[in-house]
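S.K.: Let me give you the structure first, and then I'll get to my questions.
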Amino acid sequence: MFKKLISLCFFIGLSITGVSQTSHKEVTAAQGDGIYSILRDNGLEPTIYLQKFILLNKAQLKPDQSLTIGKTYLLPKVESDSIVTTKALTVIDSIPKKAPEKPVDRIESVERNSYPIFGKAYENVPIESSALDGAIYYLISGHGGPDPGAVETYRGQLISEDEYAYDVTLRLARKLMAHGAKVYIIIKDKDDGIRDKQILEVDYDEVSYPENPIPTSQKLRLRQRTKAVNNLYLKHKGAYQRLIVTHVDSRSKGKNIDVFFYHHNYSKSGKKLAENIHNTFKQKYAKHQPNRTYSGTVNSRGLYLIKNTLPAMVYIELGNIRNKKDQKRILNYNNREALANWIYGGLLVDFDMKKT
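For the sequence shown, the working numbering gives the first residue as 79, with consecutive numbering after it.
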């Protein structure tokens, strides 16, 4: 009887082992895919399954942990009662073991509230409220460094997408900080600051957080800013975190467009974030331009930054740099200030909804 019991236990053990060793699901990397987007698209939380994916596919990954288009990768198995450990949150490209980073360019003296990144005229940021206390924002203005983005000639002078997106981003950052938020400006130019000018001079000296030169390769640029945001996100895990990306579109000169928004297809928080800012814009247009219909939209889209960054995010197109009506929106610095204020209004609504 004892021998039979041992045999039965041995058979059950083999059966359990056999179940646990079922094959992993395979996926093929497509254009624009990264580890985060592959995991997300297959219902796996990147902060839990990132390390497992890397260990499973070590031989298939490039040295920087990027994927090869057309190559097949194994997905980690879903663990019903998985416990998130420190090891599970380790990023292979090495996150230093130290206290969370402070927001960029912050001066130690709390009394001064001085931030040189905003320029001489705006470096002092008075605290207006604590409405966003506990919120963390990552702000990326499109292009920068060797890539000015969309360009156009206005009255004989060159204007570029990156300069105007950056100016709106700085104004938004200052507003968020004035209301208690922690802000990381991912693409920055220490020389420019907020500029109350119509023509913003084109330069190429922007850097990526913390102080890294921006590569000439578009693929490397996108990976660089994605890595910066994701590393910071993991350090602040558990906090309310949002990513805002700003761009200026380029279409035919006759195409006048309203501000519109993109989000990740599978991110409910990202969709709600985009909708909250979109609704704020609709309300502002109804108040300030009641005789015209606001036609800005909210849609999902598979852009690299949208697919591969961890925080809930919104990707904002501020207008068409080639259209005369849209040029008025971005060249007038009062309008850039209004854009920043309206985006802030939507972000405040989103944060308040999370608190209730």
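Glycine included, C-beta positions come from ideal geometry on N, C-alpha and C.
#1: Sort G112, L310, D327 by Cα distance to R320 and report the nearest one.
#2: Using beta-carbon positions only, say whether G271 and D240 come within less than 8 angstroms of one another.
#3: Take the Cβ of R400 as the centre, count every other Cβ of all protein chains shown within 10 Å, and call the residue buried at 16 or more, exposed below.
#4: What is the DSSP secondary structure of I264, counted as helix, strand or coil?
#5: What is the C-beta distance between F131 and I113, in whole angstroms, given that I count them as a contact (C-beta under 8 angstroms)?
#6: Tell me the start and end of each unbroken alpha helix (DSSP H) in the segment 104-138 that is at least 4 residues and wholly inside, in chain order.
#7: For K260, decide whether its Cβ has a neighbour in chain C, counting only Cβ atoms nearer than 8 angstroms.
#8: Are the segment 196-212 and the segment 368-381 touching, with three or more C-beta to C-beta distances below 8 angstroms?
#9: Please name the residue in K149, L122, A228 whose C-alpha comes closest to that of N135.
#10: Which same chain residues, not among the five before or five after F103, have their C-beta less than 7 angstroms away from its C-beta?
#11: Since I237 and V229 should fall inside the 8 angstroms C-beta cutoff, what is the C-beta to C-beta distance between them, to a whole number of angstroms?
#12: By Cβ distance, which residues of its chain are closer than 6 angstroms to M391, with the 5 residues on each side in sequence left out?
#13: Determine the direct distance from the alpha carbon of N334 to that of F196, and round the result to whole angstroms.
#14: Could you give the DSSP three-state label for Q319: helix, strand or coil?
#15: Is the Cβ-Cβ distance between V427 and N343 less than 8 angstroms?
#16: Along the beta strand (DSSP E) that carries H366, what are the first and last residues, could you check?
#17: What's the gap between the Cα of S328 and the Cα of I408?
#18: Less than 8 angstroms between the beta carbons of A416 and T324, yes or no?
#19: Alpha carbon to alpha carbon, what distance is there between Q276 and M255?
#20: Mind checking K305: buried by the 16 CB within 10 Å criterion, or exposed?
#21: Looking only at its chain, what residues have a beta carbon closer than 6 angstroms to the beta carbon of T387, apart from the 5 residues adjacent to it on each side?
#22: Using the Cβ count rule (16 or more neighbours within 10 Å means buried), how would you classify D358?
#23: What number of angstroms, rounded off, separates the C-alpha of P204 from the C-alpha of P124?
#24: Give a yes or no on whether the C-beta atoms belonging to A418 and L250 are separated by under 8 angstroms.
#25: Does DSSP put L217 in a helix, a strand or coil?
#26: Would DSSP call T304 helix, strand or coil?
#27: In angstroms with no decimal places, state the Cα-to-Cα distance between S115 and G234.
#28: Please classify P226 as buried or exposed, where buried requires at least 16 other C-beta atoms within 10 Å of its C-beta.
#29: For the beta strand (DSSP E) containing Q235, list its first residue and its last residue.
#30: Using CA atoms only, rank isn't needed, just tell me which of D267, G222, D283, I126 is closest to L298.
#31: Should S187 go down as buried or exposed, given a rule of 16 or more other Cβ atoms within 10 Å for buried?
#32: Helix, strand or coil for G423? Go by DSSP, reduced to three states.
#33: Could you work out which residue in H366, L383, P293 is closest to W420 when comparing CA atoms only?
#34: Determine the burial state of P368: buried for a count of at least 16 other Cβ atoms within 10 Å of its Cβ, exposed for fewer.
#35: Just mark F429 as buried or exposed, buried being the case when its beta carbon has 16 or more other beta carbons within 10 Å.
#36: Got a sec, what are the start and stop residues for the alpha helix (DSSP H) L383 sits in?
M.R.: With the structure as the only source:
#1: Looking at the Cα atoms, L310 is the closest of the given residues.
#2: No; because the gap between Cβ atoms is not below 8 angstroms, this pair is not in contact.
#3: The residue is buried, with at least 16 neighbouring Cβ atoms inside 10 Å.
#4: In the structure shown, I264 sits in coil (DSSP, three-state: anything other than H, G, I, E or B).
#5: A Cβ-Cβ distance of about 6 angstroms is found for the pair F131 and I113, placing them in contact under the 8 angstroms criterion.
#6: Whole alpha helix (DSSP H) segments, 4+ residues: 113-119, 124-134.
#7: Among the chains of the structure shown, chain C does not appear; only one protein chain is present.
#8: Counting Cβ pairs under 8 angstroms, fewer than three are found: no touch.
#9: Cα-wise, what sits closest to N135 is K149.
#10: Note that residue 103 is Lys in the sequence shown here, rather than Phe. L153, listed in sequence order.
#11: About 7 angstroms; that satisfies the 8 angstroms criterion.
#12: In chain order, L321, G348 place their CB closer than 6 angstroms to the CB of M391, counting only its own chain and leaving out the 5 sequence neighbours on each side.
#13: Straight through space, the alpha carbons of N334 and F196 are spaced by roughly 30 angstroms.
#14: Note: Q319 maps to strand in three-state DSSP.
#15: Taking 8 angstroms as the Cβ cut-off, V427 and N343 do not qualify as a contacting pair.
#16: Careful: H366 lies outside any beta strand (DSSP E), inside the alpha helix (DSSP H) at 346-366.
#17: Between S328 and I408, the C-alpha separation is close to 13 angstroms.
#18: No, Cβ-Cβ distance for A416 and T324 is not below 8 angstroms.
#19: Those two C-alpha atoms are separated by around 25 angstroms.
#20: Looking at its Cβ environment, which holds 16 or more other Cβ atoms inside 10 Å, K305 is buried.
#21: T304, V307, L321, listed in sequence order.
#22: Per the sequence presented here, residue 358 reads as Thr, with Asp not at that position. By the beta-carbon neighbour count (other beta carbons within 10 angstroms, threshold 16), T358 is buried.
#23: One C-alpha to the other measures close to 37 angstroms.
#24: Cβ distance < 8 angstroms, so A418 and L250 count as in contact.
#25: Note: L217 maps to strand in three-state DSSP.
#26: It is helical.
#27: Each residue's CA atom was taken as its position, placing S115 and G234 some 43 angstroms apart.
#28: By the neighbour-count rule (16 or more Cβ atoms within 10 Å), P226 is buried.
#29: 235-238 is the span of the beta strand (DSSP E), which, as asked, contains Q235.
#30: Here the closest residue by C-alpha is G222.
#31: Unreliable positioning characterises S187 in this predicted model, as indicated by a pLDDT of 31, which lies under 50. The coordinate reading is nonetheless provided below. When all chains shown are included, S187 counts as exposed.
#32: DSSP places G423 in helix when its eight states are reduced to three.
#33: Nearest option by C-alpha distance: H366.
#34: Classification for P368: exposed.
#35: Counting the other Cβ atoms within 10 Å of the Cβ of F429 gives 16 or more, which makes it buried.
#36: Its alpha helix (DSSP H) spans residues 382-386.
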